[in-house]
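Enquirer:
Residue numbers (my numbering), protein chains in the order written: chain C, 304 to 460; chain A, 658 to 1423.
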């Protein structure tokens, strides 16, 4: 049984017909066509599905789409409106922190929330924030350096 | 040392922008009109006869479009993409028996995933359970349940070098150890998936992330009976592969079969549990190693017995037993060696290549014993390795020549960078250990070489067409750098079209350490030909001799007369208008000229690889003596990649290998009678950002004359040594010799307790 779900994603309003048990991840990927959020495990264990809802990092594979109604959802596609890369995105490129890229959207969004609350995190603080985002390719080192790099730039200003 | 404009410079990944903005398409992101969703029914039994399959209720479920079993498709043989002379022992869908929990029995296509899953529940399979065998030692015995009619030993590599019996007589000391290494999983973040679409014109379109699009095309063509030229493997980015996404799994080909039946695209995406249970795992290996040494630490004679557990089907077992021998020979010099490697069936999932392919497993065994030998002889572990490692110019027993080797440099740099002398033997429950690794740089596997094309366009920018796939290792970036270098343009003016079998005639693939070495050469040649054509076209317009023309920064001009020149754009237009034709360069590089076949995996004879990448790893640990937990304090690894085309990328590869290696040392697949008890990231935790120390990747360059600009592999030599280095460090810390992977707190505590009872720490004497 489907019902109309109203979602605000990246500033755009979507009206989606979906069963109430459909997850936010499924609706984003299948109904809205934003495939940047990934399904790595479907159980909330890898973080690849991370999106930002009302400023907080959410595991979208464990959230129902209906729970996001009336809230602001930000996916990786919404981070660079008009094509101007966010400092985090630029830092990931500069530091070579992207290899296969599958974990990247989730990690960038998680890092964005971290920096909003803690603009100049230490290495340990970054590592702690990322503990729920798995990466098999990079060993996290360049990712942490990229995030700290953005933090230092913010601090310098 | 040659100086380049852009080769050897740290550059940002060219596929980075599309990945950080969410625009990169992976297989599961593909949606096609009319697409159906497929699911696979898998055996719940480790060993059973199939008595009957009833699909009536499943077929009758609204929304179900097809249900396939062996009854519908027949016995369709299937096996690893290189058979090595062995018959296929697997079928697309099990016919009369299932041989592991997860063995594919039926395939369903429906209008959506939920319906497909519901249909699986409606398929009734009557099984008769058979006695199963899970221990490879036991499987080799005459009284073991037969998994396949021909017997449970499915492949064997036997090599005899020198005279081991005599060698042991000449040895000053003899050591024997037995090691057991368990299964591990790749853990790529992207679950396996395939979208396959059969067209009314008999063509097949495939989206299925792969390390080798031409291998995948070949497997689809061969198994489905469609000519290769009508099968197109499209580009998708790959969310990690590590050896687990090379050819086509059964479920992918089944998606093709379903598509052929329905004339509609079919998408199958494995869930994470299926990835754990039904895609390749790293080979569990038993090593029984008897080694004779001279008093000065020279390895002299060895009796090396290896048992690889290939699972319910042969897969690439024959390759595993050969490679374990070949990796061994590429690192240490052993004048008298008897090697016997067996690939054995057990009722487990099928095993396959996992980064390093056997090397991490055997290195743990060989180097742990070598550390024990060093301790007994009073020789430093660094020194004993320097005594025994291969040097440049040596010829391996199979005929491979080491035209380059940075192995000694790697060992020395690892030791000094990590502070070996200051940290070794210092106690305080802290320790330091060292190991080494190697990996091939190209091998003669279909399609035996790479071809590429470079085009200059009207806009003055350049396009590279290559069949190489971007799996995260920086393929597109390094190949773009080569084009930018040869054509003297900036990196942003090179557009890479990669990973599609329609874009290039062939590519050797990204699973043989050959991207830089072989594809790099094809790309360089293509770029040079395009450059020459630009010069030729411009010569006409500028009324100059070709030899007097220079190319720099997107312009062709007369030497010493900068203004007398053309931009690339002008040259391309002039070439079109003047009848010169398109500015198109082609390049081709064959792996190992003069060799047309793969070595004999049964005897180890025949050339294998033209070059080897090398590495050393130093690990520093702290052992919690109450819990047995190990904390990794430091990891240092110099990697000899010949020439680092993109040092930033190579660093990323080394850091990634160190972290994956730490994983392999501690990750444990928990089994109960063929069933994986922990098929999830919660039960099988991969290293997180909290688990890894500062990692020091050091680039060593021993350029190989056969590689593009001297480049060799950069993705696998390091991971081989990580487990062994960690185990060596644990011994240094608490005097416990680990002989099993994964390393567990229980084993460490047991070892410490044994030390207390003995009254001393360390290996027992003799």
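Virtual Cβ for every residue (Gly too), placed ideally from N, Cα, C.
Can you find a C-beta in chain A that's less than 7 Å from the C-beta of residue 456 of chain C?
Expert: Your numbering for residue 456 of chain C matches position 153 in the first chain. Closer than 7 Å: no.
Enquirer: Please go through the same chain and pick out, in chain order, the residues whose beta-carbon is closer than 6 Å to the beta-carbon of residue 819 of chain A, but skip the five residues on each side of it.
Expert: If you number the second chain from 1, residue 819 of chain A lands on position 162. Cβ neighbours of residue 819 of chain A beyond the five flanking positions: 992 and 993.
Enquirer: Where do the N-terminal and C-terminal ends of the alpha helix (DSSP H) with residue 999 of chain A fall, by residue?
Expert: Taking the first residue of the second chain as 1, we reach residue 999 of chain A at position 342. Run containing residue 999 of chain A: none in the alpha helix (DSSP H); it sits in the beta strand (DSSP E), 993-1002.
Enquirer: Using a 10 Å radius around the Cβ and a threshold of 16 neighbouring Cβ atoms, would you call residue 1054 of chain A buried or exposed?
Expert: In the second chain, counting from the first residue as 1, residue 1054 of chain A sits at position 397. That one is buried.
Enquirer: Use the C-beta contact count for residue 362 of chain C: other C-beta atoms within 10 angstroms, 16 or more gives buried, fewer gives exposed.
Expert: Along the first chain, read from residue 1 onward, the residue named residue 362 of chain C stands at position 59. Looking at its Cβ environment, which holds 16 or more other Cβ atoms inside 10 Å, residue 362 of chain C is buried.
Enquirer: List the residues of chain C whose Cβ lies closer than 9 Å to the Cβ of residue 894 of chain A, in chain order.
Expert: Counting from 1 along the second chain, the entry for residue 894 of chain A is found at position 237. Result: 403, 404 and 405.
Enquirer: Does the beta carbon of residue 450 of chain C come closer than 7 Å to any beta carbon on chain A?
Expert: On the first chain, residue 450 of chain C is found 147 positions in, with the first residue counted as 1. No, residue 450 of chain C does not count as interfacial toward chain A.
Enquirer: Answer yes or no: does any C-beta atom of chain A fall closer than 7 Å to that of residue 327 of chain C?
Expert: The sequence position of residue 327 of chain C within the first chain is 24, counting from 1. No, its Cβ sits nowhere closer than 7 Å to a Cβ of chain A.
Enquirer: Leaving out five residues on either side along the sequence, give the residues of the same chain with a beta carbon under 7 Å from the beta carbon of residue 701 of chain A.
Expert: Here residue 701 of chain A is taken as the residue at index 44 of the second chain, counted from 1. 758.
Enquirer: With a threshold of 7 Å between beta-carbons, can residue 670 of chain A be considered close to chain C, or not?
Expert: As a working note, residue 670 of chain A is residue 13 in the second chain. Taking Cβ atoms only, chain C reaches closer than 7 Å to residue 670 of chain A, which makes this a yes.
Enquirer: With 8 Å as the limit, tell me which residues of the segment 373-386 of chain C have their beta carbon closer than that to any beta carbon of chain E; keep them in chain order.
Expert: Checking the listed chains, one finds no chain E in this structure; the protein chains it contains are C and A.
Enquirer: For residue 1020 of chain A, is the classification buried or exposed, using 16 other Cβ atoms within 10 angstroms of its Cβ as the cut-off for buried?
Expert: Start at 1 with the first residue of the second chain, and residue 1020 of chain A comes out as number 363. Classification of residue 1020 of chain A: buried, given that the 10 Å Cβ count is 16 or more.
Enquirer: Can you confirm whether residue 352 of chain C, when its beta carbon is compared against all beta carbons of chain A, has any partner nearer than 7 Å?
Expert: Position 49 of the first chain, counted from the first residue, corresponds to residue 352 of chain C. Not closer than 7 Å to any Cβ of chain A, the Cβ of residue 352 of chain C fails to qualify, so no.
Enquirer: Does the beta carbon of residue 390 of chain C come closer than 7 Å to any beta carbon on chain A?
Expert: Residue mapping note: residue 390 of chain C aligns to position 87 of the first chain, counting from 1. Residue 390 of chain C does not count as touching chain A.
Enquirer: Which residues in chain C sit within 8 Å of residue 1315 of chain A, going by Cβ to Cβ distance?
Expert: Counted from its first residue, the second chain places residue 1315 of chain A at position 658. Correct list: 442.
Enquirer: Do residue 715 of chain A and residue 764 of chain A have their C-beta atoms closer together than 7 Å?
Expert: Position 58 of the second chain, counted from the first residue, corresponds to residue 715 of chain A. Position 107 of the second chain, counted from the first residue, corresponds to residue 764 of chain A. The answer is no: Cβ separation not under 7 Å.
Enquirer: If residue 1181 of chain A and residue 1139 of chain A are in contact, beta carbons under 8 Å, what's the gap, nearest whole angstrom?
Expert: Along the second chain, read from residue 1 onward, the residue named residue 1181 of chain A stands at position 524. Along the second chain, read from residue 1 onward, the residue named residue 1139 of chain A stands at position 482. Rounded, the Cβ-Cβ distance is 5 Å, consistent with contact.
Enquirer: Report the start-end ranges of each beta strand (DSSP E) in the segment 310-359 of chain C that is 3 residues or longer and not cut off at the edges.
Expert: DSSP runs (the beta strand (DSSP E)) wholly in the segment 310-359 of chain C: 315-322 and 353-356.
Enquirer: Please state the DSSP three-state secondary structure of residue 956 of chain A.
Expert: Residue 956 of chain A sits at position 299 when you count from the first residue of the second chain. Residue 956 of chain A: strand per DSSP, three-state reduction.
Enquirer: Quick check on residue 387 of chain C: buried or exposed, where buried means 16 or more other Cβ atoms within 10 Å of its Cβ?
Expert: Locating residue 387 of chain C in the first chain gives position 84, counting from the first residue. Residue 387 of chain C is exposed by the Cβ-count criterion.
Enquirer: Considering Cα atoms alone, identify which of A:723, A:955, A:1010 and A:1303 is closest to residue 979 of chain A.
Expert: In the second chain, the residue the question calls residue 979 of chain A occupies position 322. For residue 979 of chain A, the nearest C-alpha among the options comes from A:1010.
Enquirer: Just the C-alpha distance for residue 815 of chain A and residue 1371 of chain A, rounded to the nearest angstrom, thanks.
Expert: Start at 1 with the first residue of the second chain, and residue 815 of chain A comes out as number 158. Start at 1 with the first residue of the second chain, and residue 1371 of chain A comes out as number 714. Between residue 815 of chain A and residue 1371 of chain A, the C-alpha separation is close to 30 Å.
Enquirer: Give every residue of the same chain whose Cβ lies closer than 6 Å to the Cβ of residue 889 of chain A, excluding the five residues on either side of it in the sequence, and list them in chain order.
Expert: Stepping through the second chain from its first residue, residue 889 of chain A is reached at position 232. Cβ neighbours of residue 889 of chain A beyond the five flanking positions: 862, 1158 and 1159.
Enquirer: Could you check whether the segment 1357-1367 of chain A touches the segment 1295-1311 of chain A, counting it as contact only if at least three pairs of C-beta atoms, one from each stretch, sit closer than 8 Å?
Expert: As far as the Cβ criterion goes, the segment 1357-1367 of chain A touches the segment 1295-1311 of chain A, which means the pair count is three or higher.
Enquirer: Using the three-state DSSP reduction, which class does residue 1256 of chain A fall into: helix, strand or coil?
Expert: Taking the second chain and counting its residues from 1, one reaches residue 1256 of chain A at position 599. DSSP places residue 1256 of chain A in coil when its eight states are reduced to three.
Enquirer: Give a yes or no on contact between the segment 906-915 of chain A and the segment 786-800 of chain A, applying the rule of three or more CB pairs nearer than 8 Å.
Expert: The segment 906-915 of chain A vs the segment 786-800 of chain A: no contact.
Enquirer: Only counting runs of 4 or more residues, tell me where the alpha helix (DSSP H) segments fall wholly within the segment 832-899 of chain A, in order along the chain.
Expert: Complete alpha helix (DSSP H) runs here, min 4: 870-881.
Enquirer: Is residue 695 of chain A helix, strand or coil by DSSP?
Expert: Counting from 1 along the second chain, the entry for residue 695 of chain A is found at position 38. Correct three-state label for residue 695 of chain A: strand.
Enquirer: Using a Cβ-Cβ distance under 7 Å, would residue 434 of chain C count as near chain A?
Expert: Indexing the first chain from 1 puts residue 434 of chain C at position 131. Yes, contact with chain A.
Enquirer: With a CB to CB cut of under 6 Å and the five nearest residues on each side skipped, what residues in its chain are close to residue 1408 of chain A?
Expert: In the second chain, residue 1408 of chain A corresponds to position 751, counting from 1. Result list for residue 1408 of chain A: 1393, in chain order.
Enquirer: Mapping DSSP to helix, strand and coil, what is residue 1352 of chain A?
Expert: Reading the second chain from its first residue, position 695 is the one you call residue 1352 of chain A. Reduced to three states, the DSSP call for residue 1352 of chain A is strand.
Enquirer: Helix or strand or just coil, what does DSSP make of residue 1020 of chain A?
Expert: For this step, residue 1020 of chain A is matched to residue 363 along the second chain. The answer is helix: DSSP assigns residue 1020 of chain A an H, G or I state.
Enquirer: Quick check: does the Cβ of residue 1248 of chain A come within less than 6 Å of any heavy atom belonging to the ligand NAD?
Expert: As far as ligands go, the structure on display features none, and thus does not contain the ligand NAD.
Enquirer: Evaluate the contact criterion for the segment 677-693 of chain A versus the segment 874-888 of chain A: three or more CB pairs, one atom per stretch, below 8 Å.
Expert: Short answer: they don't touch.
Enquirer: Which stretch, first to last residue, makes up the beta strand (DSSP E) that contains residue 758 of chain A?
Expert: For the purposes of this step, residue 758 of chain A is identified with residue 101 of the second chain, where counting begins at 1. Element bounds for residue 758 of chain A: n/a, residue is neither H nor E.
Enquirer: Just curious, the alpha helix (DSSP H) that residue 822 of chain A is in, first and last residue?
Expert: If you number the second chain from 1, residue 822 of chain A lands on position 165. Where residue 822 of chain A is concerned, the enclosing alpha helix (DSSP H) stretches over 821-827.
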